[in-house]
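Have a look at the structure below before the remarks.
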Amino acid sequence: MILLFLELPYYFHFYRFSNPAYLIRRKEPLYTLITTVDHQNICPFYLVIKLPRSKHCDICKRCLLVYDHHCPWINNCVDALNHLFFILLYLQLL
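Numbered according to the UniProt record's numbering, the sequence shown spans residues 1 to 94.
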């Protein structure tokens, strides 16, 4: 039981400061992106090519690769890279 209480702050801080899989902004001009890619697949805020499950987070102001949600308790986005730690954190709370 003591081990669980020691692991909880670790998972909380690790998850809070872990980086989600952000989409990288390309150096191409907007005109090149619009002419080569369908304009519905371009994020209008960050000017990156969106993949099927990617989404722009309005709170973080970044585009994420596999967006799940933005967790207000830890002020971080849940994404493909930190989804496992998100589950471990909430299993620790149970």
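Positions of the beta carbon are idealized from the N, C-alpha and C atoms, including for glycine.
Annotation note: the stretch 3-42 contains the following uninterrupted alpha helix (DSSP H) runs of length 4 or greater, listed N- to C-terminal: 30-36.
Across the structure, A80 and C57 are spaced so that their CA atoms are roughly 14 Å apart. Inter-residue distance for N82 and N41 is about 24 Å (C-alpha atoms, whole angstroms).
One alpha carbon belongs to R62, the other to L23, and they sit about 8 Å apart. In the three-state DSSP reduction, L64 falls in the strand class (E or B). For L51, the closest alpha carbon among the candidates L65, N75, E28 and V78 is that of L65. Boundaries of the beta strand (DSSP E) around N76: N76 to V78.
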